[in-house]
Every structure is written in structure tokens, then in C-alpha cells.
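Numbering (my numbering), first residue to last: 14 to 248. Where a beta carbon is used, it is the ideal one built from N, C-alpha and C, also for glycine.
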């Protein structure tokens, strides 16, 4: 009597259930957030690491954060939108694209990109733990950097001590600069859009978003160029 043999890999092709995906992503993000706090390290060590990165960049003339920060602090029309982008897009577009992949694209594509994002985030956490780094904005003023988040803080919801909402700056690790997961996540978004977006605008966003975020993290003095490069490498 004929019978149907299940196709190999059929289960793997089914769309993951949202009630299993959300807890998985939430657990990894919670571990990432908690790990950032636990990895604060010694402030003097973080400052030493930050200065070592800055001096290395200066020797190679790749300290792009310095002229960008001058532009962002001199022109509010650039600095204020950049601060809003830094404080929000990282947490809005990444989950939005993840949700789009889950709903609109093949289950295998979603699983691959979701796993890639989660593993890369864990790699970033290892970097924070092993190399606590003082961002340019927290170096002594003699190094020439201005904290644009503090300069334009009255225009946004963030406090002067971090990109977190006012009063919650103490709950963030301001020395988790290496690598820059703002850049890493933006690159992930760009690759997802390039591979799976079907419109011209998706392709433009795929290229433009990572580039804009890379400029933003340096211009706001939240990261060095090498932080950005390491964030891209972590992806």
C-alpha cells in the first residue's frame, strides 16, 4: 500500500514560530545587555586602551573621528540628527529588518541571518569584556573631542552621560566601545537588505545605512575609526 515519505529537510523549511523566536532573541539580548554592564572593567584601563587606539590611528592618519567631530559640534543641523540616529536606529531598524525577514522571506534565509546576528553580538560582548575602551567623547578635553550627546542633549530624550534615556545613564556601560556594534548591526542590516530587498530603495538603504552609521558613530565621538572597523569585522 503506497505511503508518503516525509521529504528530508521539510521541517527545516517551516517558518519558526514567533513564540519560540521572541524568547530566544530576548534571552540573547538580555545576556548581551547584562554582559555589557558586567564588563565595565577598570576606568583607567579603558582610558589607556582608548588612548592607545587614538595614538595608533594618528600615526597612520586614520583618526577620521577628529575632523568629523569638529563638523558635528560646529553645525547643529548635522549634530542633532546624528544624535537621534545614534540613540534610536540601532534599536529600531535592526529588529524591524529581523521581523521583515521572518515574515516575508524564506525560513532558511531568516534562520541563517538571525543566527549570524546573534553569534556576532556574542562576539562583540567578548570584545567588550577583553578590551574595555574609553570612547573619544570621554577622553580629557585636551584631546579635542566634544560629546555631542551632551552638547545637544536638550533636543532629545537621552541624558548627558550616555545615549540612554535621562536618569538611566548609570545602567549603561560607557566603556563598551570596542567593537562598535552600532556599525556591526548596521552592516548586518545592509547585507540583509542587499540580499533580500527587491526594490531600488532597498539597495540604496543597504549601502547607505551602514555608511551613515559609521560616520555618525565617529562624528558623535562615541567610537574611533578602529572601533567601527572591528564592528564590521565582528559581522
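{"query": "Cβ pair count under 8 Å reaching 3, the segment 149 to 158 against the segment 193 to 211", "result": "no"}
{"query": "Boundaries of the alpha helix (DSSP H) in which residue 231 is found, first to last residue", "result": "213 to 232"}
{"query": "Residue 88: first and last residue of the uninterrupted alpha helix (DSSP H) it sits in", "result": "Neither: residue 88 is in no alpha helix (DSSP H) and is coded neither H nor E."}
{"query": "Cβ-based burial, residue 14 [other Cβ within 10 Å; buried from 16]", "result": "Model confidence at residue 14 stands at a pLDDT of 47, short of 50, so the residue's coordinates are unreliable; what they give is reported in the following sentence. With fewer than 16 other Cβ atoms within 10 Å, it is exposed."}
{"query": "Straight-line gap, residue 71 to residue 242 (C-alpha atoms, nearest Å)", "result": "15 Å"}
{"query": "CB of residue 197 within 7 Å of CB of residue 244, strictly", "result": "yes"}
{"query": "For residue 189, the residue or residues it bridges with in DSSP", "result": "146"}
{"query": "Residues sharing a beta bridge with residue 250, DSSP", "result": "Only positions 14 to 248 of the chain appear in the structure, and residue 250 is not among them; the question remains open."}
{"query": "Nearest-angstrom Cα separation, counted from residue 119 out to residue 62", "result": "43 Å"}
{"query": "Of the residues 190, 67 and 38, the one placed nearest residue 139, counting alpha carbons only", "result": "190"}
{"query": "Exposure label - residue 82; buried when at least 16 CB within 10 Å", "result": "buried"}
{"query": "Per-residue DSSP class, three states only, for residue 57", "result": "helix"}
{"query": "DSSP-derived helix/strand/coil call for residue 137", "result": "helix"}
{"query": "Alpha carbon of residue 237 to alpha carbon of residue 89, nearest angstrom", "result": "21 Å"}
{"query": "Residue burial classification, residue 128 (beta-carbon count within 10 angstroms, cutoff 16)", "result": "exposed"}
{"query": "Cβ-based burial, residue 56 [other Cβ within 10 Å; buried from 16]", "result": "exposed"}
{"query": "Alpha carbon of residue 192 to alpha carbon of residue 73, nearest angstrom", "result": "19 Å"}
{"query": "Spatially closest choice to residue 234 from 160, 68 and 124, by CA coordinates", "result": "160"}
{"query": "Under 7 Å between C-beta atoms of residue 103 and residue 195", "result": "yes"}
{"query": "C-alpha gap between residue 107 and residue 58, whole angstroms", "result": "31 Å"}
{"query": "Whether residue 217 touches residue 165 by CB criterion (7 Å)", "result": "no"}
{"query": "Where residue 248 sits in the DSSP three-state scheme", "result": "coil"}
{"query": "Among 229, 163, 41 and 60, the one whose alpha carbon lies nearest that of residue 145", "result": "60"}
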